[in-house]
Each structure stands twice: as C-alpha cells, then as structure tokens.
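With this note's numbering, you'll find the sequence shown wraps up at 1249, consecutive numbering, no jumps.
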Amino acid sequence: GGAMVIPIAGSFYASGKRRRTLMIYTLVLAGLAIALLTLDLFDIALASSLFWIFLLGIFAFQWVANALLMR
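And the structure:
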C-alpha cells in the first residue's frame, strides 16, 4: 500500500484536466497492483513481470506528474 502514496497524493495535487489524467494513471497502477497481488496469491509466474512493470510505473509517475504540472 505504501507504494501508492506518491501517485495518490500527486493526483490530488493537480487540478482540472491534469488531475483527471493523473487520476487515470493512478487507477491503472492500482489495477496493476491488484492483478499483481492476485497472481502472486495463486503462484502464477506472470506476477514477477507485473511487479517490475508496477515499479517502473511508480517511478515514471514522478516525471509524468512533473511534466503535466509544469505546463
């Protein structure tokens, strides 16, 4: 749950269309996290790949949010 703190806080920091864009990004990350946890619960090997995609998404969120907020 702690990994989602930055995307959730960032999506509420913006306003208007930027907020909606960041909220969609955050919801996609949350969906990815739920899928990851579900697959890991059933020991499906795809969970490992989703984990790295999730981490990359969290890392990239900071650049995406900064780019949107600097406009």
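We treat Cβ as the ideally placed atom computed from N, Cα and C, and that holds for glycine.
*With a CB to CB cut of under 8 Å and the five nearest residues on each side skipped, what residues in its chain are close to Ala1213?*
Leu1228
*Which whole-angstrom value is the C-beta distance of Leu1233 and Ala1225, which I expect to be below 8 Å?*
Contact flag wrong, Cβ pair sits at about 13 Å.
_Rounding to the nearest angstrom, what Cα-Cα distance links Leu1210 and Ala1245 in this structure?_
23 Å
*How should Phe1239 be labelled, buried or exposed, when 16 other C-beta atoms within 10 angstroms of its C-beta is the threshold for buried?*
buried
_Cα-Cα separation, Phe1190 to Ala1181_ = 16 Å
*asked:* Suppose you measure from the CA of Arg1198 to the CA of Trp1230; what does that come to, to the nearest Å?
replied: 25 Å
*Count the other C-beta atoms from every protein chain shown that fall within 10 angstroms of the C-beta of Ala1187, then say buried if there are 16 or more, exposed otherwise.*
exposed
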